[in-house]
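Undergrad: Before I ask anything, let me first share the structure, which is written out below as structure tokens.
Printed below as a string of structure tokens:
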């Protein structure tokens, strides 16, 4: 868990916009920040990280496999 309560896989790093991401922050084409190389998901949002893009049970997309965080959101691993 990051200082702002965000759950990520990996090391919490603060992006220039003040949000936390897992890993080295990179700016996506839409201006958001992700940890690692940005990749566009089928819903038009961007994820970072390694592994294939996966749709989780709630309809969100992550890189790698879906892991349910304590706050009820999915993060990729």
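Residue numbers (our numbering): 437 to 513. Positions of the beta carbon are idealized from the N, C-alpha and C atoms, including for glycine.
Please report the residue range of the beta strand (DSSP E) in which residue 462 lies.
TA: The residue you call residue 462 lines up with position 26 of the chain shown. Residues 461-463.
Undergrad: Which residues in the same chain as residue 468 place their Cβ atom closer than 7 Å to its Cβ, once the five residues preceding and following it in sequence are excluded?
TA: Within the chain shown, the letter at position 32 stands for residue 468. So the qualifying residues of the chain are 482.
Undergrad: In its own chain, which residues sit with a C-beta less than 7 Å from the C-beta of residue 496, not counting the 5 before and 5 after it?
TA: The residue given as residue 496 occupies position 60 in the chain shown. Excluding positions up to five away in sequence, the list reads 510.
Undergrad: Does residue 472 come out as helix, strand or coil in the three-state DSSP assignment?
TA: As a working mapping, residue 472 is identified with position 36 in the chain shown. The answer is coil: DSSP assigns residue 472 none of H, G, I, E or B.
Undergrad: When we look at the beta-carbon of residue 409 and count the other beta-carbons within 10 Å, is it buried (16 or more) or exposed?
TA: Any property of residue 409 remains undetermined from this structure, which presents the chain solely from 437 to 513.
Undergrad: Can you give, in chain order, each stretch of the beta strand (DSSP E) that sits fully within the region 482-511 and has at least 3 residues?
TA: 489-491, 497-499, 502-504
Undergrad: Leaving aside the five residues before and after residue 503 along the sequence, list all residues of the same chain whose C-beta is less than 8 Å from its C-beta, in chain order.
TA: The residue given as residue 503 occupies position 67 in the chain shown. Beyond the five residues adjoining it in sequence on each side, residue 503 comes within less than 8 Å, by CB distance, of 445, 510, 511, 512, 513 in the same chain, given in chain order.
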